[in-house]
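Inspection log for the structure reproduced underneath, given as structure tokens.
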Amino acid sequence: MNIRRVSFDHPDAVKLNDRVQLEYAERYQDEGDVTPLDAAMFKPPLGLYLIAYDEFGTPLATGGWRRQDLNDAGYSDGDAELKRMYVVPEARGLGLARRILAALEEDARQAGRVRMVLETGIKQPEAIGLYTSSGYEPCPKFGHYRFEELSRCFAKPLTV
Numbered sequence: 000m001n002i003r004r005v006s007f008d009h010p011d012a013v014k015l016n017d018r019v020q021l022e023y024a025e026r027y028q029d030e031g032d033v034t035p036l037d038a039a040m041f042k043p044p045l046g047l048y049l050i051a052y053d054e055f056g057t058p059l060a061t062g063g064w065r066r067q068d069l070n071d072a073g074y075s076d077g078d079a080e081l082k083r084m085y086v087v088p089e090a091r092g093l094g095l096a097r098r099i100l101a102a103l104e105e106d107a108r109q110a111g112r113v114r115m116v117l118e119t120g121i122k123q124p125e126a127i128g129l130y131t132s133s134g135y136e137p138c139p140k141f142g143h144y145r146f147e148e149l150s151r152c153f154a155k156p157l158t159v
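With numbering that gives the first Met the number 0 applied, the sequence shown covers 0 to 159.
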């Protein structure tokens with residue numbers, strides 16, 4: 000696999016984002032994740048967006064982080080928020096999510112962020128399993144879905 004840094008508005012990122020939005024909509028019977036996002040949020044040093052490609056150049060997995068600091072939505076100074084982690088169904092089980100997660104954590108650490116945070120939902124048990132097995136622990140809710148019953152938030156210190 001080849002993991003590449005891309006912009007959030009790159010055509011492959013848009014394609015994978017459309018696929019994950021469809022999956023969210025199916026799982027939650029709603030319109031998908033409506034958290035406001037734009038490409039500038041993922042431009043270094045404010046964040047990073049990655050796509051994993053196979054040997055044929057097919058995009059298989061994606062993920063990004065964006066800078067967050069203390070605000071009314073429940074973030075803390077030094078936070079890096081994980082967004083749009085996704086692996087296409089036909090490539091699940093290959094360890095791509097773990098590789099992308101590790102790369103994002105390292106990049107956020109190098110950018111001076113002190114904690115990685117994420118929000119997911121209870122209808123994504125495989126995501127919760129990935130994060131808890133990677134050292135993430137439940138934390139107070141934050142972000143766009145902080146008042147939603149199905150939402151769960153997790154955090155992990157980004158220590159050196």
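Every residue, glycine too, gets a C-beta built ideally from N, C-alpha and C. For clarity, every value in this text was computed on a predicted model and none was experimentally measured.
Query, Result
"Distance CB(residue 157)-CB(residue 107) smaller than 7 Å", "yes"
"Stretch pair the stretch 52–62 + the stretch 98–107: three plus CB contacts closer than 8 Å", "yes"
"Cβ-based burial, residue 109 [other Cβ within 10 Å; buried from 16]", "exposed"
"Residue range of the beta strand (DSSP E) that includes residue 65", "58–67"
"Residue 92 classed as buried or exposed, judged by whether at least 16 other C-beta atoms fall within 10 angstroms", "exposed"
"Status (buried if at least 16 other CB within 10 Å, exposed otherwise) for residue 119", "buried"
"In DSSP terms, what residue 1 is bridged to", "52"
"Residue 115 and residue 140 closer than 7 Å at C-beta", "no"
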